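Asks: After the structure tokens below, expect a handful of questions from me.
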Amino acid sequence: DGLFCVILPTDLREDFLCLAATEGLYECKRIDVYPTPQRPAKRTMLAFSKKKSAFPVKERLIIETEGRHCYSKEYRNLTEAFYLDK
170 DGLFCVILPT DLREDFLCLA ATEGLYECKR IDVYPTPQRP AKRTMLAFSK KKSAFPVKER
230 LIIETEGRHC YSKEYRNLTE AFYLDK
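For the sequence shown, the working numbering gives the first residue as 170, with consecutive numbering after it.
Rendered as structure tokens:
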């Protein structure tokens, strides 16, 4: 009942999905990570399960919203445990 999670470059996503399927792992969640709202996704976070999901959850995460070092609320919430200066 566990999950296998991975972060990889977006351009490798489709190949990795095919590879995972050959091993009996099915995508259950995908988060495409965008550096800014205007730029294409650079990374993809994927979660896999041995149970096939009819509709995997698909989300977007934008890192910077209005300029350099102006991080989105979602990004800050996701990474807050990794920062010493809160």
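No residue lacks a Cβ here, since even glycine has one placed at the ideal position from N, Cα and C. Remember, it's a predicted structure, so these values are computed and weren't measured experimentally.
(1) Ordered along the chain, which non-local residues of its own chain (more than five positions away) have a Cβ less than 8 Å from that of Val226?
(2) Using 8 Å for Cβ pairs, my map puts Leu177 next to Thr213. What's the rounded Cβ distance?
(3) Leaving out five residues before and five after Leu194 in sequence, what residues of the same chain have Cβ atoms less than 8 Å from its Cβ?
(4) With distances taken between CB atoms, is the gap from Tyr203 to Leu181 smaller than 8 Å?
(5) Can you give the beta carbon distance from Thr234 to Asp201, rounded, assuming they're within the 8 Å contact cut?
Replies: In short:
(1) Cys197, Lys198 and Arg199
(2) So it is a contact: roughly 6 Å between Cβ atoms.
(3) Phe173, Phe217, Ser218 and Lys219
(4) no
(5) Wrong, their Cβ atoms sit about 16 Å apart, outside the cutoff.
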